[in-house]
Amino acid sequence: MVSGIAGDIIEIVNASLAHAVVAVDIPSGIDCDTGMALGTPVFASDTVTFGLPKLGLYMGAGTEAAGEVHVEQLIYPDILLEQSAIHAQLTEPPEFPERMRTMHKATYGKVAIIAGSPDYTGAPVFAAEAALTTGTGTIHLIVPQSIADVVRVKVDGPIVQAFAGDVLTVEALPHILELLEDTTAALIGPGLGRDPRTLEAVLLLATAFKGTLILDGDALFACVGHLDVLWKRDAPTILTPHSGEFARLVGLTPEDVEKGGTLSSAQTLAAQASAVVHLKGHRSLTVLPDGSLYINTTGNPGMAKPGMGDALAGIILSLVARGVAPDLATAQGAFIHGLAGDAAAEVMGEESMGTPELIMALAATIKELNAG
């Protein structure tokens with residue numbers, strides 16, 4: 001805990017009018033493993049760290065205190081880096097394979113999105129449009145009959161399929177499972193709502209579907225107290241919670257999350273469920289079943305807007321459908337999502353940008369990545 005003369009010096013540094021404050025390795029007053037503030041930390045404009053990225057720079061209070069992080073390589077023996085207790089790496093830009101002239105839309109994946117309810121007609125649209133923009137060939141957007149006409153007006157490319165009723169229920173599952181038979185991957189959750197009948201149906205659907213499954217939003221809420229559903233799955237599973245959803249899922253308190261106490265719980269969940277767990281936030285973390293992780297460095301505060309998580313889930317779904325491994329699809333999906341958000345902020349500004357602007361910027365972002 002920072003105190004005494006050290007604390008006084010930190011207060012002076014933070015109150016100074018200096019254009020730049022550079023922290024070396026990690027800002028004083030930040031726990032390098034958890035990102036928890038140990039008293040008042042130095043708030044740096046830039047942090048230069050060495051060898052490997054320190055987790056404390058990307059979690060808890062460390063994300064704000066570190067400013068822009070620069071990882072510089074020193075002459076460490078490779079064996080020391082390989083023996084690091086936690087293998088963390090910064091996500092690098094993905095490479096999109098060149099599209100062959102003889103290919104057809106099924107070559108680029110056939111996916112399903114089960115989403116939406118009367119109160120949330122935008123979430124399924126954002127997820128589907130993001131997946132389509134990222135390159136998916138065929139998208140079945142499966143929504144309640146009560147909102148199907150509204151959704152059809154909002155989208156063009158995805159095939160809108162309706163099941164009877166206002167919300168997802170068990171009675172709709174035979175029809176949905178039939179639609180899922182030849183899909184590459186499925187996304188469940190955006191805007192589904194928390195009707196008890198819907199939560200029951202989500203658990204049964206997650207158990208029955210044999211392909212790669214992404215659980216987001218209200219589908220994660222359905223899993224609270226029912227994590228055994230994840231243990232039973234044999235196919236790849238990707239979970240994309242924000243901090244509140246994750247805390248609820250594993251029984252943490254908001255205070256635990258604020259202190260940066262999510263990583264060990266995420267590693268436990270990923271290992272037990274053999275799932276990829278993506279912790280959304282300012283510096284999002286993709287945790288793999290073996291405990292290693294990817295750290296995302298793209299994105300900005302303007303992305304704290306409705307629908308952003310739905311778009312991210314759609315991007316990840318598209319990459320999985322294109323044949324990218326679930327761990328890389330999740331990490332690289334977050335990278336692309338943040339990069340598109342940064343591009344949207346340059347045009348609209350962080351205050352005014354929203355999910356539609358991010359999806360518009362997504363196309364140009366992918367084009368730029370393809371150009372190298």
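So in the UniProt record's numbering, spot 230 of the sequence shown is number 230, and the numbers just go up one at a time.
Note that the Cβ used here is the ideal one computed from N, Cα and C, for glycine as well.
Nearest to residue i by alpha carbon, out of the options?
i, options, result
"Ala270", "Val21, Thr237, Leu74", "Thr237"
"Ser292", "His87, Val24, Leu55", "His87"
"Glu178", "Ala331, Val22, Ala148, His140", "His140"
"Val42", "Ala313, Val22, Gln145, Pro53", "Val22"
"Ala172", "Ala185, Arg152, Ile114, Leu215", "Ile114"
"Asp228", "Ser274, Thr40, Ile214", "Ser274"
"Pro94", "Leu328, Leu52, Ala206", "Leu328"
"Leu55", "Ala186, Ser264, Leu187", "Ser264"
"Tyr294", "Lys280, Pro306, Gly302", "Lys280"
"Ile159", "Pro124, Gly191, Pro174, Leu192", "Pro124"
"Asp31", "Asn14, Ala65, Val69", "Ala65"
"Val69", "Ala18, Asp25, Ala37, Gly29", "Asp25"
"Thr212", "Pro196, Ala219, Arg233, Arg194", "Arg233"
"Lys210", "Val224, Leu230, Asp195", "Leu230"
"Arg194", "Pro301, Leu220, Val320", "Leu220"
"Leu252", "Ala235, Leu358, Gly225", "Gly225"
"Leu204", "Leu168, Asp182, Glu181", "Leu168"
CA-CA distance, residue i and residue j?
i, j, result
"Gln161", "Ala371", "36 Å"
"Ile9", "Val287", "37 Å"
"Gln332", "Val155", "25 Å"
"Glu351", "His282", "16 Å"
"Thr184", "Ala325", "12 Å"
"Gln89", "Phe163", "42 Å"
"Ala304", "Thr47", "24 Å"
"Pro241", "Val277", "8 Å"
"Asn296", "Tyr58", "9 Å"
"Thr138", "Thr34", "41 Å"
"residue 414", "Ala201", "Absent from the model: residue 414. The displayed extent of the chain is 1 to 372, so no value can be given."
"Thr207", "Glu245", "20 Å"
"Asp310", "Ala127", "5 Å"
"Pro306", "Gly51", "37 Å"
"His19", "Ile12", "14 Å"
"Leu192", "Val2", "46 Å"
"Pro27", "Gln73", "18 Å"
"Gly62", "Leu17", "21 Å"
Taking residue i as part of the alpha helix (DSSP H), name the residues at either end of that continuous run.
i, result
"Pro174", "173-180"
"Ile359", "355-371"
"Val48", "Per DSSP, Val48 belongs to no alpha helix (DSSP H); it is in the beta strand (DSSP E), 46-50."
"Thr63", "62-66"
"His282", "Premise fails: His282 is in no alpha helix (DSSP H) and is neither H nor E."
"Val320", "308-321"
"Ala219", "218-222"
"Leu293", "No alpha helix (DSSP H) holds Leu293; the beta strand (DSSP E) holding it covers 293-295."
"Leu230", "228-231"
From which residue to which residue does the beta strand (DSSP E) around residue i run?
i, result
"Phe163", "159-163"
"Ala88", "88-90"
"Leu199", "Run containing Leu199: none in the beta strand (DSSP E); it sits in the alpha helix (DSSP H), 196-208."
"Ala20", "Segment: none, Ala20 is in no beta strand (DSSP E) and carries neither H nor E."
"Val13", "No beta strand (DSSP E) contains Val13, which is instead part of the alpha helix (DSSP H) from 4-15."
"Ala186", "185-188"
"Leu57", "First-last for Leu57: undefined, no H or E at that position."
"Leu213", "212-215"
Going by DSSP in three states, residue i sits in which element: helix, strand or coil?
i, result
"Ser265", "helix"
"Ile26", "coil"
"Ser146", "helix"
"Glu350", "coil"
"His337", "helix"
"Val239", "Strictly speaking, residue 239 in this sequence is Leu, with Val absent from that position. Note: Leu239 maps to strand in three-state DSSP."
"Leu134", "With the sequence shown as reference, residue 134 is identified as Thr, and Leu is not the correct amino acid for it. Three-state result, Thr134: coil."
"Glu95", "coil"
"Ala271", "helix"
"Val257", "helix"
"Ser331", "The amino acid occupying residue 331 in the given sequence is Ala; Ser does not appear at that position. Ala331: helix per DSSP, three-state reduction."
"Ala115", "coil"
"Ala37", "strand"
"Ala304", "coil"
"Leu168", "coil"
"Val287", "strand"
"Leu249", "helix"
"Val69", "strand"
Under 8 Å by Cβ, that's how I've got residue i and residue j pegged, so tell me the actual separation to the nearest angstrom.
i, j, result
"Leu318", "Ala131", "The sequence given here has Ser at residue 318, not Leu. With 8 Å as the limit, Ser318 and Ala131 qualify as a contact, their Cβ atoms being about 4 Å apart."
"Gly189", "Gly217", "4 Å"
"Leu249", "Ala222", "Not quite, the Cβ-Cβ distance comes to about 10 Å (not below 8 Å), so this is no contact."
"Thr49", "Val71", "6 Å"
"Gly116", "Val153", "Wrong, their Cβ atoms sit about 13 Å apart, outside the cutoff."
"Leu142", "Ala112", "A small correction: the amino acid at residue 142 is Ile; Leu does not occupy that position in the sequence shown. Correct: roughly 6 Å between the Cβ atoms."
"Ala363", "Ala344", "Wrong, their Cβ atoms sit about 11 Å apart, outside the cutoff."
"Thr136", "Ala340", "About 16 Å; that fails the 8 Å criterion."
"Ile366", "Ile336", "7 Å"
"Ala60", "Met36", "Position check: residue 60 holds Gly in this sequence, whereas Ala was assumed. Their Cβ separation, rounded to whole angstroms, is 5 Å, which keeps Gly60 and Met36 in contact under 8 Å."
Less than 7 Å between the CB of residue i and some heavy atom of the ligand SAM, yes or no?
i, result
"Leu213", "Of the ligands one can find in the structure shown there are none, so the ligand SAM has no counterpart to examine."
Step through the CB atoms of chain D and report whether any lies within less than 8 Å of the CB of residue i.
i, result
"Asp149", "You won't find chain D in this structure, because it holds only one protein chain."
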